[in-house]
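A quick write-up on the structure given underneath.
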Amino acid sequence: MKAVQILGERGHHQIAVTNLMARPVPRGHEVLIRVEAAGITADEVGWVEVYKTPTRIPGHDISGVVEQLGPDYTGTLSVGDAVFAMLHADRGQGQAEFAVTREDETAAKPATVSHAEAAALPIPVVTAWEALHRHAGLERGARVLVTGAAGAVGRMLVQLAALLFDAEVVALASARNHALLRGLGAAEVVDYSAADWEMHVGKVDAVFDTVGGAVLAKSWRTVKSGAVIVTVADPPPPWAFGKQVPEELQDHPGVRYVYFVLSTDSEALAKVAALIDEGKVKALPVAEFPVDEAVEAWELAAKRSRGGKVVIKFGSGA
Ligand SMILES: NC(=O)c1ccc[n+]([C@@H]2O[C@H](COP(=O)([O-])OP(=O)(O)OC[C@H]3O[C@@H](n4cnc5c(N)ncnc54)[C@H](OP(=O)(O)O)[C@@H]3O)[C@@H](O)[C@H]2O)c1
Numbered sequence: 001m002k003a004v005q006i007l008g009e010r011g012h013h014q015i016a017v018t019n020l021m022a023r024p025v026p027r028g029h030e031v032l033i034r035v036e037a038a039g040i041t042a043d044e045v046g047w048v049e050v051y052k053t054p055t056r057i058p059g060h061d062i063s064g065v066v067e068q069l070g071p072d073y074t075g076t077l078s079v080g081d082a083v084f085a086m087l088h089a090d091r092g093q094g095q096a097e098f099a100v101t102r103e104d105e106t107a108a109k110p111a112t113v114s115h116a117e118a119a120a121l122p123i124p125v126v127t128a129w130e131a132l133h134r135h136a137g138l139e140r141g142a143r144v145l146v147t148g149a150a151g152a153v154g155r156m157l158v159q160l161a162a163l164l165f166d167a168e169v170v171a172l173a174s175a176r177n178h179a180l181l182r183g184l185g186a187a188e189v190v191d192y193s194a195a196d197w198e199m200h201v202g203k204v205d206a207v208f209d210t211v212g213g214a215v216l217a218k219s220w221r222t223v224k225s226g227a228v229i230v231t232v233a234d235p236p237p238p239w240a241f242g243k244q245v246p247e248e249l250q251d252h253p254g255v256r257y258v259y260f261v262l263s264t265d266s267e268a269l270a271k272v273a274a275l276i277d278e279g280k281v282k283a284l285p286v287a288e289f290p291v292d293e294a295v296e297a298w299e300l301a302a303k304r305s306r307g308g309k310v311v312i313k314f315g316s317g318a
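With UniProt numbering as the guide, the letters of the sequence shown map in order to residues 1 to 318.
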């Protein structure tokens, strides 16, 4: 089958397309998906996991059709079902004509969007869902800051915080994205190009950070006492994984701080798929490339502020 491959070593990698990959076989409870489209997370070239797979096929976000069920599969999916999935960090291998998923990674695809649009959703959806539901402990009506709000994760955070928690969302983004963020539910918008943007945010109960670095550091100046700062930005802050205590804590004692890496969550995918089909959540903008242009696709995906997710198409379906 045809697949994208990461050749070389971390830091000296090369993106390639191969025709010679063996089609995977679903074992046990696994499901084989005929991949119509697969999303790109450009940071994956820096993760160790893909270099440990025998195939070196990247990709964790897919949308496609169930082709075959594993011999022990007893779940709800049937051959022919349209699904989307977020493959676990250790497994991946989604950017191929066929990929194997598990039930906890897979949900029915939102019917009102294309496979390309669905393939852009899983990581942003699950990341935003977990940040809000597992890590923030938000009360209804909380005032929250979302950094990188016009990015893929940011757009999901803005929409789900406003819709599910009735949050008053302050969206940090470049000015060209302010109107669209208001349309997604942001109550206020702030431009990060202003040197002192943090002075324009007011005080918040929670920060959801997707940018990291100086933006995360400045966001400490926006928090109320007892607030929480949740970041997913790559590279992680020095205090991630309990390695250190943030130095900002001296001036903001009592602020809770969380860095997390998302897990698989088919329930989150199913719930957000329903919200998309009900017209309550907007899918993400996508740039589509045929698999033979995967190198160009990865180049675009590596650019920040590109305004959408880059998706590789394997099938010819919508
Ligand atoms: N830990 C996890 O489990 C996890 C999961 C998913 C993603 N992530 C990480 O989260 C980050 C965001 O992912 P994404 O897919 O949402 O990225 P994305 O779609 O590329 O969005 C990034 C956004 O950041 C904004 N931005 C760029 N430079 C900025 C700066 N200097 N100051 C303020 N904002 C800036 C851009 O805003 P404008 O468009 O307004 O310029 C852009 O929209 C990445 O680092 C990714 O690796 C981690």
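Each residue gets a CB set at the ideal place from its N, CA and C atoms; glycine is no exception.
- Assignment of beta-bridge partners to HIS12 by DSSP yields GLU9.
- Remark: the shortest separation between the CB of ILE123 and any heavy atom of ligand 1 falls under 8 Å.
- Taking 8 Å as the cut-off, the C-beta of PRO236 counts as close to a heavy atom of ligand 1.
- Restricting attention to GLY254, LEU284, LEU145 and LEU262, the CA atom closest to the CA of LEU216 is found in LEU145.
- Rounded to the nearest whole angstrom, the C-alpha separation of ARG102 and ASP251 is 45 Å.
- In its chain, beyond the 5 residues on either side, GLY307 and GLY308 have a beta carbon closer than 7 Å to the beta carbon of PRO285.
- DSSP places SER316 outside both helix and strand once states are collapsed to three, so it counts as coil.
- Between the C-alpha atoms of TRP220 and PHE165 there is a straight-line separation of about 22 Å.
- If you draw a 10 Å sphere on the C-beta of GLU44, you find 16 or more other C-beta atoms in it, and that means buried.
- Cβ atoms of ASP61 and ALA120 come within 8 Å of each other, at about 7 Å.
- With respect to the 9 Å criterion, ALA162 and ARG140 are not classified as neighbours on the basis of their beta carbons.
- When Cβ pairs closer than 8 Å are counted between the two stretches, the region 145 to 154 is seen not to touch the region 108 to 118, the count staying below three.
- The region 127 to 177 contains, as complete alpha helix (DSSP H) runs of 4+ residues, the segments 152 to 165 (chain order).
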